[in-house]
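Enquirer:
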Amino acid sequence: MLNYNSVIKNEIKHESISVKEISPVIKINLRGKKREFLTNVGKNLNMILPTEANTSTTSDKLTAIWLSPDEWMIISNELASKDTNKSDLYEMLFNSISKTNLGAAIDVTDQFVQLELKGENVYEIFSAGSPFNFNEFKEKKGSTTQTVLNHVDVILQHKDENILNLFVRRSFAEHLFSWIEDCASRL
Amino acid sequence: MMSGQNIYLWEKCIEAGREFNITPYGTETMHLLRAEKGFIIVGQDTDGTMTPIDLQMDWIVSKKKYDFIGKRSLYRSDTMREDRKQLIGLLTDDPNIVLEEGAQIVSELNQSPVEMLGHVTSSYFSPNLKKSIALAVVRGGKDMMGKKLFVPMENKNINVTVANPVFYDEKNERLNA
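Going down the list, the protein sequences come from chains A and L.
Those letters in the first sequence? Residues 603 to 789, by this note's numbering.
Those letters in the second sequence? Residues 45 to 221, by this note's numbering.
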């Protein structure tokens, strides 16, 4: 994206945990129920949307996170180009889903900030600030959940062992990051 | 536009406006500017009981229309009383003292019980006028221009003078320039 400014300027680097913002990354919120919607999306994205609750699917270029029975968030696995505001992915989904009334594709690239949390102590961050039980979550790669962390709504995706993607609304991102920074310094 | 591009746009605007002395300003400035001109904020300077006449906005009520929604309410005995709470301006004797919004206004300090005439609705220090200004609603306020009143506070009584609620550019010369 042209002249893009990340929300989080610094990174957290400790022995057992590191956190950084991944941006700019294209994120699309997809909603739809009809069978044609699922077929169309599968064909256009070359991946199957997860239908099991709180799971995600990943292809070479994209990750799809289940948010509800008829809602997903599609995230690009690559950074967006800095030379253009255009997103082929969004345009393709908008034309094939929204325009055809099969569902809705909304660009939420800037609505959410993506943080990558890595390290053996990454789940310790959540033990103090989130009511969610991560026991199953941390065992199963691709698990996702929507919970609160320090009273802030977050979407979490288990990317790999001790690696999480955390999505938080942009306006809460700095506050949550400074809270995580404080937690990480005490681990 | 994308939120992530907002800083870039802001910097470009500041850069382009530098030769024109561009100055960013926010909501507090707008609050102050409107108060200097005597423009009310509905809900701050008014409540649900107030009529345009109370706010010295008679000009807004049509003299030509035979009938309009709300006309009947303006002619009820209560809305026609002379001693209704009316919008006034207040200037403190000490220009550096800023009245507290919500403070009560009295004309006599030694009465018991003290009769409260009204209250301060908006109050600011105006760097433009180099003094504090306030808007208030006071019973019979329209006929009190120049009168000395008091705003009793916890530790002191503040002397104030009733003034025109339009503190700046009364004739709108600058507004219409």
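Cβ atoms here follow ideal geometry from the backbone N, Cα and C, with glycine treated the same way.
1) Does the distance from the CB of Thr136(L) to the CB of Val204(L) come in under 8 Å?
2) Identify which residue in Lys615(A), Met603(A), Val609(A), Ser608(A) has its Cα closest to the Cα of Val724(A).
3) Taking 7 Å as the cut-off, is the C-beta of Glu59(L) nearer than that to any heavy atom in the ligand ZN?
4) In the DSSP assignment, what residue or residues form a beta bridge with Leu193(L)?
5) Could you tell me whether the stretch 713 to 732 of chain A touches the stretch 622 to 630 of chain A, where touching means 3 or more Cβ pairs closer than 8 Å?
6) Using the beta-carbon count (16 or more within 10 Å), is Cys785(A) buried or exposed?
7) Express the C-alpha separation of Ile677(A) and Leu766(A) in angstroms, rounding to a whole number.
8) Would you say Gly26(L) lies against chain A (beta-carbon separation less than 8 Å)?
9) Considering only DSSP beta bridges, list what Ile708(A) is partnered with.
10) Between which two residues does the beta strand (DSSP E) harbouring Asp690(A) extend?
11) If distances are taken between C-alpha atoms only, which option among Glu214(L), Arg218(L), Ser167(L) comes closest to Thr73(L)?
12) Residues in the stretch 46 to 74 of chain L with C-beta within 7 Å of chain A's C-beta atoms, listed in sequence order?
13) Name the DSSP bridge partner or partners of Phe714(A)?
14) Go ahead and pull the three-state DSSP assignment for Phe169(L).
15) For Thr165(L), collect the residues of the same chain with a Cβ closer than 7 Å to its Cβ; drop the 5 residues on either side in sequence, then sort them by chain order.
16) Counting only beta-carbon separations shorter than 8 Å, does Leu695(A) have a partner in chain L?
17) What does the alpha-carbon distance come out to for the pair Leu704(A) and Asp690(A)?
18) Let me make sure I understand the geometry here. Which of Asn697(A), Gln759(A), Ser732(A), Lys684(A) has the alpha-carbon closest to that of Ser595(A)?
19) Note down the Cα distance separating Ser117(L) from Glu126(L), rounded to an integer number of angstroms.
20) Spell out the partners DSSP gives Asp762(A) in its beta bridges.
21) Compare the C-alpha of Leu751(A) against each of Ile708(A), Ala775(A), Thr686(A), Glu738(A) and name the closest.
22) What does Pro626(A) touch in chain L if you count any residue whose Cβ is under 8 Å from its own?
23) In whole angstroms, give me the CA-to-CA distance for Ile699(A) and Asn642(A).
24) For Gln130(L), name the three-state secondary structure that DSSP assigns.
25) In whole angstroms, what is the alpha-carbon distance linking Asp712(A) and Met188(L)?
26) So that I know if they touch, is there some Cβ in chain L lying closer than 8 Å to that of Arg772(A)?
27) Run down chain L in chain order and give the residues with a C-beta less than 7 Å from the C-beta of Asn605(A).
28) Check for me: the beta strand (DSSP E) holding Ser584(A) runs from which residue to which?
29) Step through the CB atoms of chain L and report whether any lies within less than 8 Å of the CB of Thr686(A).
30) What is the rounded straight-line gap between the Cα of Lys743(A) and the Cα of Arg637(A)?
31) Which residue comes first and which comes last in the beta strand (DSSP E) that contains Val150(L)?
32) Run through chain L and tell me which residues come within less than 8 Å of Asp712(A), C-beta to C-beta.
33) Kindly indicate which residue of Thr653(A), Ser683(A), Asn605(A), Phe739(A) has the alpha-carbon position closest to the one of Leu669(A).
34) What are the start and end residues of the alpha helix (DSSP H) that includes Val643(A)?
35) Expressed to the nearest angstrom, what Euclidean distance is found between the alpha-carbon atoms of Pro249(L) and Asp762(A)?
Expert: Straight from the coordinates:
1) A contact, by the Cβ cut-off of 8 Å.
2) Lys615(A)
3) Of the ligands one can find in the structure shown there are none, so the ligand ZN has no counterpart to examine.
4) BP columns for Leu193(L) point to Val204(L).
5) yes
6) So Cys785(A) counts as buried.
7) 14 Å
8) Since the first residue of chain L shown is 45 and the last is 221, residue 26(L) is not available in this structure.
9) Asn631(A)
10) No beta strand (DSSP E) holds Asp690(A); the alpha helix (DSSP H) holding it covers 690 to 695.
11) Ser167(L)
12) Met46, Ser47, Gly48, Gln49, Ile51, Tyr52
13) Arg771(A)
14) strand
15) When the five nearest sequence neighbours on each side are left out, the beta carbons in the same chain lying within less than 7 Å of the beta carbon of Thr165(L) are those of Gln88, Asp89, Glu145, Leu179, Ala180, Val181, in order along the chain.
16) Under the 8 Å criterion on CB atoms, Leu695(A) is classed as non-interfacial with respect to chain L.
17) 19 Å
18) Residue 595(A) lies beyond the range of chain A shown here (603 to 789); nothing can be said about it.
19) 15 Å
20) Ile765(A)
21) Ala775(A)
22) Gly48
23) 8 Å
24) strand
25) Going by the C-alpha atoms only, they are around 56 Å apart.
26) yes
27) Gln49, Tyr52
28) Within the shown structure, residues of chain A are numbered from 603 to 789, placing residue 584(A) beyond reach of any answer.
29) no
30) Spanning the alpha carbons of Lys743(A) and Arg637(A) requires a straight line of approximately 27 Å.
31) 148 to 150
32) Met46, Ser47, Gly48
33) Thr653(A)
34) 637 to 647
35) Residue 249(L) lies beyond the stretch modelled for chain L, which goes from 45 to 221, so this question has no answer here.
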